[in-house]
Amino acid sequence: MEDYSVLKEKNIMVLAGGWSAEREISLKSGLAVSKALEELHFNYNFKDLHSKIEVENLSSDIDLVFIALHGRGGEDGYIQRILEDKGIMYTGSNPESCEIAMDKSETKKIWRDLLLPTPDFVEIKKAGTPEMKLTPFLSEEKDITALDQSFVVKPSREGSSYGISIVKPGKGSLEDSMREAIKFDETLIVEAFVPGRELTVSILGQKVLHPIHIKPSGSFYDFKSKYESNTTEYLKAKLSRNKLQEIKEIAWHAFSSLGCEGWGRVDFIQDEKDNFQLIEVNTIPGLTETSLFPKAASFEGISFKDVIAKILFLACKDH
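In this note's numbering, each number is its position in the sequence shown, counted from 1, plus 56.
Below you can see the structure in the form of C-alpha cells.
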C-alpha cells in the first residue's frame with residue numbers, strides 16, 4: 057500500500073472545463089476528483105478554465121495540478137508544457153506523449169511501425185480544401201478499395217467520439233461523414249470498420265487493470281452511449297487466461313510506445329477471429345460516474361478515492 061501522507065502537504069489545483077468540445081464532460085470529471093480530494097482531506101482548489109490566458113496566469117505557488125481537462129488544451133500537450141515551464145508538477149503523461157496520443161493518425165503510424173495490430177486506414181490532410189492530400193496505410197495493396205466494405209470516419213484529433221461515424225454499403229455517405237468530422241479537425245482518418253466487441257484496458261502506474269467489455273445499445277460506443285445512455289452495459293470482460301495476458305501486453309506496449317505514463321486507457325476491438333485491434337489511447341480518461349477508468353479500478357477492488365490519490369502520487373514520482 058502506498059503512503060499518501062506526502063500529498064497532504066501539497067497545495068493541489070484541479071483544472072477542469074477548458075475550451076474543447078469536451079468541456080462539459082471535463083467539468084464533471086473535475087468535480088468528481090474534487091469530491092474525492094475533499095473526502096481524502098487533501099488541500100485543494102478547483103478551477104474552471106475558460107481561456108488560455110487563465111492557464112498562463114496560474115500561480116507558481118501551486119505544488120501539484122490534477123489535470124481533468126479532456127480534448128484540446130488538456131490532452132494535446134498544451135497545458136503540460138505550460139506547467140513544466142512554471143515548474144509545477146502535474147498528473148499524467150508528458151507534453152510530447154500527449155500530443156502524439158491525441159493525434160490518432162500519428163499514433164497508428166507508430167503502432168504500424170512496431171507491428172502492433174490496428175485497423176488499416178487512410179489519412180486525409182487538409183480535408184475539404186483544394187490542397188487535400190490522401191495517404192493510404194494499408195496492410196496489403198496500396199489501394200483504398202480495401203476499405204470499400206464498411207469504414208469509420210473520424211477526426212484525427214478529437215475525443216469522446218465527437219465527429220465519428222460509420223459508413224456501410226448503402227447507408228450514409230463518405231462525403232456527409234467527412235463534412236461532420238471536418239467540424240472538429242482538418243485531418244481525418246478513414247479507417248476499416250472492424251466488426252467485433254469493444255474492449256478497453258485501463259493502466260494505473262505499472263498496473264494493467266482487467267479489461268472492460270462495452271456493450272452499447274447502438275452500433276458503436278458514441279458520445280450518446282458514453283454519457284447519456286442508461287442502456288450501455290459495462291462488463292468485466294470474459295477472456296481466457298492466454299487472451300487476458302495477450303491484451304494486457306498489447307495495451308502496455310501500445311501505451312508505453314507513445315511515451316505515456318502515470319495513467320491512461322487503451323481502447324480495442326476484438327474482431328470476429330478473436331484478434332485484438334488497437335483503436336486509440338486516452339491520456340486523460342473520463343472520471344465521471346459512468347466513466348470506464350473508475351469502473352475498471354472497482355473491478356480490482358480499488359476505490360475512486362484511491363484511484364485519485366494514486367494518480368497524484370504517481371505525478372509526484374514521475375515529475
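Virtual Cβ for every residue (Gly too), placed ideally from N, Cα, C.
Going by DSSP, name the residue or residues bridged to ARG321. Here residue 321 refers to the residue found at position 265 of the sequence shown. Paired residues: SER258, ASN338.
Which of the three DSSP states, helix, strand or coil, is assigned to MET69? Taking the first residue of the sequence shown as position 1, residue 69 is located at position 13. MET69 falls in the strand class under three-state DSSP.
Can you tell me whether DSSP reads MET145 as helix, strand or coil? Locating residue 145 in the sequence shown gives position 89, where the first residue counts as 1. In the structure shown, MET145 sits in a strand (DSSP, three-state: E or B).
What would DSSP say about LYS282, mapped onto helix, strand or coil? Position 226 of the sequence shown, counting from 1, holds the residue named residue 282. Residue placement at LYS282 is poorly supported in this model, since its pLDDT is 49, which falls under 50; the coordinates still yield a value, given next. LYS282: helix per DSSP, three-state reduction.
Hey, SER206 and LYS224: beta-carbon distance below 8 Å or not? Taking the sequence shown and counting its residues from 1, one reaches residue 206 at position 150. Taking the sequence shown and counting its residues from 1, one reaches residue 224 at position 168. Yes, these two residues count as a Cβ contact at 8 Å.
My output table needs one value for TYR277: the three-state DSSP class, helix, strand or coil. By one-based count along the sequence shown, residue 277 stands at place 221. The pLDDT assigned to TYR277 is 45, lower than 50, so where the model puts this residue is not dependable, and the model offers no usable value.
With a threshold of 8 Å, are at least 3 pairs of Cβ atoms found where one atom belongs to the stretch 232–239 and the other to the stretch 284–304? no
Return the CA-CA distance between LYS282 and VAL363, expressed in angstroms with no decimal places. Indexing the sequence shown from 1 puts residue 282 at position 226. Indexing the sequence shown from 1 puts residue 363 at position 307. Only weak support exists for where LYS282 lies, its pLDDT of 49 falling under 50; the value from the coordinates is given anyway. About 20 Å.
Can you look up GLY252 in the DSSP assignment and give me helix, strand or coil? Mapped onto the sequence shown, residue 252 falls at position 196. In this structure, GLY252 counts as strand in the three-state DSSP scheme.
Given a cut-off of 8 Å, decide if GLY252 and ASP327 are closer than it, judged by their beta-carbon atoms. Taking the sequence shown and counting its residues from 1, the one referred to as residue 327 is at position 271. Taking the sequence shown and counting its residues from 1, the one referred to as residue 252 is at position 196. In contact: ASP327 and GLY252 (Cβ atoms closer than 8 Å).
Does THR243 pass the burial test, meaning 16 or more other C-beta atoms within 10 Å, or should it be called exposed? Numbered from its first residue, the sequence shown carries residue 243 at position 187. THR243 comes out buried.
Less than 8 Å between the beta carbons of ALA365 and TYR100, yes or no? Counting from one through the sequence shown, the residue named residue 365 turns up at place 309. Counting from one through the sequence shown, the residue named residue 100 turns up at place 44. The answer is no: Cβ separation not under 8 Å.
If you draw a straight line from the alpha carbon of PHE211 to that of GLN262, how long is it in whole angstroms? Along the sequence shown, read from residue 1 onward, the residue named residue 211 stands at position 155. Along the sequence shown, read from residue 1 onward, the residue named residue 262 stands at position 206. It should be noted that the sequence gives Pro, not Phe, for residue 211. Using only the alpha carbons, I get a separation of about 30 Å.
Could you check the C-alpha separation between GLU179 and SER161 for me, to the nearest Å? Within the sequence shown, numbered from 1, the residue matching residue 179 stands at position 123. Within the sequence shown, numbered from 1, the residue matching residue 161 stands at position 105. If I take the Cα positions, the gap works out to 7 Å.
On the three-state DSSP scale, how would you describe LYS361? Residue numbering aside, residue 361 sits at position 305 when the sequence shown is read from its first letter. Helix at LYS361.
With respect to the beta strand (DSSP E) encompassing ASN101, which residues constitute its N-terminal and C-terminal limits? For the purposes of this step, residue 101 is identified with residue 45 of the sequence shown, where counting begins at 1. It spans 100–105 - the beta strand (DSSP E) in which ASN101 sits, taken as one unbroken run.
Decide if GLY127 is buried, meaning its Cβ has at least 16 other Cβ atoms within 10 Å, or exposed. As a position in the sequence shown, residue 127 is number 71, starting the count at 1. GLY127 should be labelled buried.
Would you kindly work out how many angstroms separate the C-alpha atoms of PHE249 and PRO175, rounded to a whole number? Counting from one through the sequence shown, the residue named residue 249 turns up at place 193. Counting from one through the sequence shown, the residue named residue 175 turns up at place 119. About 8 Å.
Taking just the CA atoms, how far does VAL208 sit from ILE340? Locating residue 340 in the sequence shown gives position 284, where the first residue counts as 1. Locating residue 208 in the sequence shown gives position 152, where the first residue counts as 1. Each residue's Cα considered, the two are about 23 Å apart.
SER116 burial status per 10 Å Cβ neighbour count (16 or more: buried): Looking up residue 116 in the sequence shown gives position 60. Its Cβ having fewer than 16 others within 10 Å, SER116 is exposed.
Where does the unbroken beta strand (DSSP E) through GLU179 begin, and where does it stop? Taking the sequence shown and counting its residues from 1, the one referred to as residue 179 is at position 123. Start and end: 177–181.
Coarse secondary structure for SER354, derived from DSSP in three states: Within the sequence shown, residue 354 is the residue found at index 298, counting from 1. If DSSP states are grouped into helix, strand and coil, SER354 belongs with the helices.
Coarse secondary structure for PRO186, derived from DSSP in three states: Translated into the one-based positions of the sequence shown, residue 186 becomes position 130. PRO186 falls in the coil class under three-state DSSP.
Which residues DSSP lists as bridging PHE193, in chain order: Position 137 of the sequence shown, counted from the start, is the residue given in the question as residue 193. According to DSSP, PHE193 bridges with PHE177.
Please state if the CB of SER76 and the CB of GLY320 are separated by a distance shorter than 8 Å. As a position in the sequence shown, residue 320 is number 264, starting the count at 1. As a position in the sequence shown, residue 76 is number 20, starting the count at 1. Contact flag unset, no.
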